[in-house]
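Below is one structure, written out as structure tokens; comments come after it.
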Amino acid sequence: MSGDTRLLTGRGLRKSFGATPALRGMDLSVDAGEVLAVMGPSGSGKSTLLHCLAGILTPDAGEVTFDGRRVDQLPDRERSRLRRAEFGFVFQFGQLVPELPVLENVALPLLLGGRGRRAAVAAAEEWLPRLGLDGLGRRLPGELAGGQVQRAAIARALIAGPRLVFADEPTGSLDSVAADEVMELLVTTAREERIGVVVVTHEPRVAAYADRRVTMRDGRVVQPAAVP
Amino acid sequence: MSVPLGIRIAFAGGRESVARMALMAVGVAVGVALLLFTLTAMPVLQRHVDRLAWHRTTAASPPTAPDPALWLAVTDRYAGQDVIRAHVAALGPRPPVPPGVDRLPGPGEVVVSPALAELLRTVPDDQLRNRFPGRVIGIIGPDGLIAPAELVGIVGRTPQELRATDGAVEIRGIEQPGKRMSLAGFYRILISLVAVLIVGPVVVFVAMVTRVGAARREQRFTAIRLAGATRLQTAALAATETAAAAIAGSLLGWLGFLAARPVVANRVTLGHGIPIFVEDLTAPSWQMLLVLVAVPALAVATTLVALQRVQLSPLGAGPRARPRSPRDWRLVPLVAGIAGTWYSVKLSNDPAYVESALLRWLNLLSPLSILVGLVLAGPLVCFWISRGLARWSGSATTLVAARRIAADPYTMSRAVSGVALAMFVATVLGWSATAERALGGHPRASLDRGVVAVHALGVPEASLAPLMSGDAVVARSSAGMLVVVRCADLARVSDVRCPLPASLDGPDPQPATELFVVPNRFGPAGFIEPGPESAGLLVQTVFVPTDGTPAAEERVRTLAASLVPAARTETSADLAARTAAQLAWVDGALPPAMAFVLLVAACSLTVATVSGLMERRRPFALLRASGVRLGELRRIVLLETGLPLVVTALGGVATAMLVMYASLPREEWVMPEIRFFAGLGVGVLAALAVSALALPLMDVATRHDSARFE
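Each protein sequence line maps, in turn, to chains Y and C.
In the numbering used here, each number is its position in the first sequence, counted from 1, plus 187.
In the numbering used here, each number is its position in the second sequence, counted from 1, plus 62.
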């Protein structure tokens with residue numbers, strides 16, 4: 188991948204929780220439209236890396252650049268805007284608002300961005316069939332199967348037209364069939380829309396969907412080594 | 063966008079959302095109603111004093127009319143109730159007029175209160191009517207009454223009649239409300255203390271109620287933050303949700319206040335034995351409005367503070383680090399408050415400091431510091447409980463409860479801190495009442511049953527001839543306010559012991575004094591036995607024995623009033639009632655204090671139990687799915703709320719005992735009766751029982767479908 192397509196770069200990222208280091212100088216980059224898998228055992232710092240790259244956590248040291256802007260130096264308001272407009276998120280669980288039906292959950296980023304309710308819901312309705320959620324828009328998250336919840340989460344991650352989707356163990360709570368369905372949908376749709384994806388997983392089966400894989404251990408990349 | 067979305071999210075979660083919002087609204091309603099009633103305390107007292115103003119009319123009252131009048135007001139009794147009899151005679155065409163009437167009754171005319179008018183219709187004339195000679199020409203309106211059932215009559219006389227009556231004075235005006243007697247000035251410190259004591263627990267309770275479902279809410283807003291909501295948007299969503307419930311609760315509380323006013327007014331007698339006017343139970347509009355606005359604002363502020371973790375990081379609801387163990391410094395405000403109380407009492411005994419700003423501040427800040435200290439010390443106490451429980455636990459149930467308390471002593475403490483404050487307040491009130499009772503309980507004389515004491519206050523014996531039966535005991539007044547009476551005769555109609563003291567300068571109160579005291583008119587300085595020269599002295603009091611029936615007693619009273627308009631009469635029941643009235647606030651303060659404890663404790667615990675269940679549906683459902691019995695889950699919930707409750711309740715009582723020990727002189731430090739402590743205990747147990755009503759929810763909340771992650 189060439190430098191002019193580079194979308195997100197993390198350099199020298201360090202992050203500790205109390206006395207426990209989670210990242211010990213991480214370097215990583217993601218290109219536009221690239222699907223990158225970050226692998227590693229539990230406690231290797233994968234999720235912390237994802238949170239730092241997405242601007243959810245601020246690293247103790249190092250820098251995160253997205254589209255030429257220092258994400259780690261942006262004020263909270265700007266980082267919120269970035270999460271709403273440029274990024275999408277799919278997590279293992281807990282990312283849907285339990286009180287809202289699927290349709291409104293999917294429409295949430297647009298509603299938060301100031302889009303009118305009718306327009307936001309109309310946009311959400313267009314996404315549901317693409318992710319196999321036809322007819323489920325009025326259901327609450329608690330009334331769906333795990334795979335359906337994850338598909339709704341993917342729809343919500345993609346609806347605002349992000350340039351990058353962060354997925355943290357998106358299939359962690361699913362059986363292998365549902366996991367394959369979810370990954371297939373996520374990767375296929377992302378490629379159709381030319382959206383980059385950073386997927387954190389410890390499952391090789393999930394990582395196999397990626398264009399590129401990096402493996403972490405003890406807060407560092409062990410394979411392959413990092414940003415040129 | 064945030065407000066409609068906030069409302070939608072608040073109500074979109076089906077029955078659980080509605081239950082959560084309803085619980086919050088009801089909690090806020092209870093808090094608002096309590097605060098509104100607290101606000102009415104001072105206005106009720108002031109309004110009472112204002113309504114009594116015209117009864118205090120004297121020659122010194124400021125002019126209110128161009129022409130003067132003659133005035134003689136007497137407080138008499140009928141069937142255990144005060145009867146006010148005002149004799150008036152206009153000295154010109156435009157005399158001063160009491161409130162509630164259009165004009166002064168002329169000679170031979172009478173105006174009476176509605177309750178007295180009703181009595182006059184039903185009671186034989188010689189028992190009541192003859193005390194008000196003349197034709198009833200009108201009814202006194204509410205402005206002239208202290209209570210709807212007050213017995214008061216204004217009797218029109220000729221100037222000549224009143225000039226010949228001892229005690230009548232010329233007045234230029236009727237005493238007006240608020241001009242010369244403002245309670246706010248007298249009781250500023252007391253009112254500040256009561257306000258702090260009552261408002262403190264209610265505020266803590268409201269703050270706790272708004273945290274119902276806090277964990278779930280945190281989870282929801284984390285999801286929204288991750289979807290790109292800014293801090294401001296999240297705050298607006300959270301504020302909308304809480305404000306919706308709190309505003310509804312405020313309105314509900316206001317309606318509850320309006321609905322409960324007649325019930326409360328019916329219980330408030332202010333020592334007169336008759337309920338006050340419902341409309342007196344009110345507070346200035348701006349104060350009521352302030353409560354209706356401030357409570358939702360407090361609720362919203364509490365929500366926003368609770369949301370801080372989500373605000374700082376969108377990962378706020380993720381796995382959290384164990385909160386830091388509470389430190390010992392949390393005891394400092396409590397100790398400082400108790401020390402401040404002790405020091406303020408010490409200063410108040412020094413005349414140089416009685417009016418000082420230092421003392422005023424100490425009086426205000428010490429109880430405040432204790433209340434804040436009780437709240438701050440709560441987590442530390444809960445932490446100690448968890449350590450003790452974990453060390454001594456022999457079952458999985460107690461171990462889980464102990465670990466749960468240890469995991470977050472702050473949350474546990476919040477659930478029961480309202481109870482600690484309420485117990486503190488109730489104990490302080492109860493203890494003060496006991497001390498007051500001990501002070502007021504000095505020995506008093508009593509008349510024998512059936513004896514009527516007619517206080518004529520200095521009239522020739524001939525004026526009272528119809529009362530002078532063979533058994534009557536006559537006490538005369540001599541120079542120097544000495545009472546001339548044969549002790550052996552007095553002992554026939556009362557329980558006094560002879561000899562009677564010649565002087566009352568000694569420190570011990572003399573029981574016999576009570577038989578002759580007429581409030582604001584006469585208090586004897588001593589007693590002497592009659593001699594040959596005593597027959598010419600004016601009569602102070604005549605003790606008239608009767609057959610003991612109420613009718614006979616009332617006949618004597620009525621006869622006395624018709625013979626000597628200024629006469630005041632008393633029976634043994636009236637003497638006992640006088641003592642009871644002095645201690646009325648003592649007896650009146652305890653039941654509301656108990657009710658306050660029960661209400662705050664029950665609400666706090668119910669909220670804690672329900673919100674604890676709502677927040678832990680999934681782990682409990684998983685435990686149940688893995689074989690833990692429902693009864694064991696219930697025991698965990700009861701233990702983790704009940705144990706901190708009992709310990710903090712004891713802490714509140716112990717703190718109050720320390721405060722009272724620091725406040726009261728040693729001789730007044732009297733332990734309340736065991737029934738007082740039993741009452742507190744029953745209150746706490748009842749609170750626990752009420753909160754246990756939420757436990758049946760547990761079965762529904764922990765069914766297997768709750769184990770699903772969303």
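C-beta atoms are modelled at their ideal positions from N, C-alpha and C, and glycine is treated no differently.
| Asked | Found |
| --- | --- |
| Short Cβ contact (7 Å threshold) for residue 130/C with residue 223/C | no |
| Short-range partners of chain Y found in the stretch 280-293 of chain C, where Cβ spacing is below 7 Å | 281, 282, 285, 286, 288, 289, 290, 291, 292 and 293 |
| Proximal chain Y residues relative to residue 295/C, where beta-carbon distance stays under 9 Å | 267 and 299 |
| Cβ contact (3+ pairs, closer than 8 Å) linking the stretch 730-750 of chain C and the stretch 407-422 of chain C | no |
| Nonlocal neighbours in the same chain, by C-beta distance under 7 Å from residue 382/C, ignoring five residues either side | Caution is warranted here: a pLDDT of 48 is assigned to residue 382/C, below 50, making its placement in the model unreliable, and the coordinate value is therefore given only provisionally. Nothing listed; no residue qualifies. |
| Cβ of residue 79/C within 7 Å of any chain Y Cβ | yes |
| Cβ contact check for the stretch 293-304 of chain C and the stretch 354-365 of chain C: 3 or more pairs under 8 Å | yes |
| Beta-carbon gap between residue 617/C and residue 517/C smaller than 7 Å | no |
| Residue 203/Y at chain C interface by Cβ criterion, 7 Å | no |
| Distance between residue 291/C and residue 299/Y (C-alpha atoms, nearest Å) | 6 Å |
| Start-end ranges of the beta strand (DSSP E) lying completely within the stretch 168-240 of chain C, minimum 3 residues | 171-174, 197-201, 213-218 and 231-233 |
| Neighbour list for residue 263/Y in chain C, Cβ cutoff strictly below 8 Å | 292 and 293 |
| Residue 395/C, DSSP secondary structure in three states | helix |
| N-terminal and C-terminal residue of the beta strand (DSSP E) that residue 620/C is part of | Looking at the DSSP string, residue 620/C is not in any beta strand (DSSP E); the run it does join, the alpha helix (DSSP H), is 612-625. |
| Beta-ladder partner(s) of residue 33/C, from DSSP | Nothing in the structure corresponds to residue 33/C, since chain C is present only between 63 and 772. |
| Cutoff 7 Å: residue 387/Y Cβ touching any chain C Cβ | no |
| Under 9 Å from the C-beta of residue 69/C: neighbouring residues of chain Y | Here the premise fails: no neighbours, minimum Cβ distance about 11 Å. |
| Beta-carbon gap between residue 515/C and residue 603/C smaller than 7 Å | yes |
| The stretch 700-719 of chain C in contact with the stretch 470-485 of chain C per 3-pair CB rule at 8 Å | yes |
| Cβ-Cβ distance between residue 340/Y and residue 282/Y below 7 Å | yes |
| Counterpart residues of residue 223/Y in DSSP-defined beta bridges | 385/Y and 399/Y |
| DSSP state of residue 632/C mapped onto helix, strand, coil | strand |
| Where the stretch 222-254 of chain Y meets chain B: residues whose CB sits under 8 Å from a CB there | Any reference to chain B falls outside this structure, whose protein chains are Y and C. |
| Within chain C, partners of residue 282/Y - CB distance below 9 Å | 284, 285, 288 and 289 |
| Sequence-distant residues of the same chain with beta carbon closer than 6 Å to residue 203/C, five excluded per side | 162 |
| Chain C within 7 Å of residue 270/Y, Cβ atoms only | yes |
| Three-state secondary structure (DSSP) of residue 602/C | strand |
| Residue span of the alpha helix (DSSP H) that contains residue 268/Y, given as start and end | 263-272 |
| Identity of the residues DSSP links to residue 213/Y by a beta bridge | 200/Y |
| Segment limits, alpha helix (DSSP H) that includes residue 443/C | 419-454 |
| Below-7 Å beta-carbon distance, residue 295/Y vs any chain C residue | yes |
| Environment of residue 266/C [buried if 16+ CB atoms lie within 10 Å] | buried |
| Interface partners of residue 343/Y on chain C, CB under 9 Å | 289 |
| First and last residue of the uninterrupted alpha helix (DSSP H) at residue 304/C | 293-329 |
| Backbone CA spacing between residue 151/C and residue 201/C [nearest angstrom] | 18 Å |
| Contact between the stretch 541-555 of chain C and the stretch 661-676 of chain C (3+ Cβ pairs under 8 Å) | no |
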